[in-house]
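Below is one structure, written out as structure tokens, with a few remarks after it.
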Amino acid sequence: DMDKIWPTYNLKYLENGREKTMELAMTFADFAVTEARFRKHFRKVPRDAWNDNMVQLADFLEMDADEREGKFPFIWAVDRKQHLSRVLVAKPIVESCEERRDFWIMLRALAGAEKTVVEEVDVESKVRAEVVGRITQGLMKLAGGNGEGIADFVVGETVAKTTPVAVAEAPSNNGNGDYMAPWLETDECTA
């Protein structure tokens, strides 16, 4: 399953003479414990030493640094008699698991496997704002304006527009054509 960080496997073991199965995350440590070259990074814990400070490695990897304080990561394994046992994982293997987890997350992101979740609230608010904007624009057109400025304000768009300059109409002067626009001539005026 591409959505999971770690694939899973079934670990079969004997408990009180009965065969049982446990589904576990297959981390890098679960592989490494089977390799002779990594043996120095693992320690089997006697059953009487099991305690609440021991955390399964897959869960340990999801914790932040503060939560990890005082916790010991372990993986489940079976001995030669098929009895369940806990194996402590050393820090270098934990770090290797983190590297492989991060690499997997990066690969999924590059492949586009990460699904983008669109919040319904966000979509709903955008649709509502668009509808309100259209209604407002329609009302403004009915009232005699073009409604663009108010519609943009309601919708929340911040598109830079050129502001039209209000141009005053020249006085008619009763239509005789003798009107002359005022002219200012100074050093400060560039027009």
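When the letters of the sequence shown are read in order and numbered with our numbering, they come out as residues 7 to 197. The beta-carbon is built from N, C-alpha and C at its ideal position, and this holds for glycine as well.
Comparing alpha-carbon positions, which option in the options lies nearest residue i?
i    : options                   : result
N22  : H89, E41, V138 and M32    : H89
C103 : N57, M32 and E41          : M32
I99  : K18, A64 and A35          : A35
K10  : R114, W56, N16 and E73    : R114
M267 : E41, K77 and L116         : Nothing can be reported for residue 267: it is not among the residues displayed for the chain, which extend from 7 to 197.
A71  : A83, F80, E101 and D85    : E101
N57  : M69, G76, A42 and V39     : G76
N16  : W82, V39, R74 and R86     : W82
E68  : S131, R140, A149 and E105 : E105
Got a sec? Which residues, its chain only, sit under 6 Å from residue i by beta carbon, not counting five neighbours each side?
i    : result
A166 : For A166, the pLDDT reaches just 43, beneath the cut-off of 50, and the residue's location in the model is therefore unreliable, although a value from the coordinates is still provided. The answer is none, since no qualifying residue turns up.
L145 : none
R5   : Given that the chain is displayed from residue 7 to residue 197, the structure contains no residue 5 and the question cannot be resolved.
R140 : none
Excluding the 5 residues flanking residue i on each side, which residues of the same chain have their C-beta closer than 7 Å to its C-beta?
i    : result
T168 : Unreliable positioning characterises T168 in this predicted model, as indicated by a pLDDT of 44, which lies under 50. A coordinate reading is not provided.
E163 : At E163, the pLDDT of 47 sits below 50, so the modelled position is not reliable and the matter cannot be decided from this model.
R74  : F66
Only counting the same chain, and skipping five residues up and downstream in sequence, which positions put a Cβ closer than 8 Å to that of residue i?
i   : result
W12 : A31, M32, T33, A64 and R107
T14 : E29, L30, A31 and M32
Indicate whether residue i and residue j have their beta-carbon atoms separated by less than 7 Å.
i   : j   : result
F78 : N59 : yes
Y19 : V84 : yes
On the three-pair Cβ rule with 8 Å, is the stretch 36-55 touching the stretch 86-94?
-> The stretch 36-55 and the stretch 86-94 touch, with no fewer than 3 CB-CB distances between them shorter than 8 Å.
Which residue spans inside the stretch 14-73 form an unbroken alpha helix (DSSP H) run of at least 4?
-> Within the stretch 14-73, complete alpha helix (DSSP H) segments of at least 4 residues are found at 34-38 and 63-68, given in chain order.
Three or more C-beta pairs closer than 8 Å, one from the stretch 9-29 and one from the stretch 76-90: is that the case here?
-> Counting Cβ pairs under 8 Å, three or more are found: they touch.
Minimum length 3: unbroken beta strand (DSSP E) runs contained in the stretch 73-116 | Runs of the beta strand (DSSP E) spanning 3 or more residues and lying entirely within the stretch 73-116 occur at 78-84 and 90-95, in chain order.
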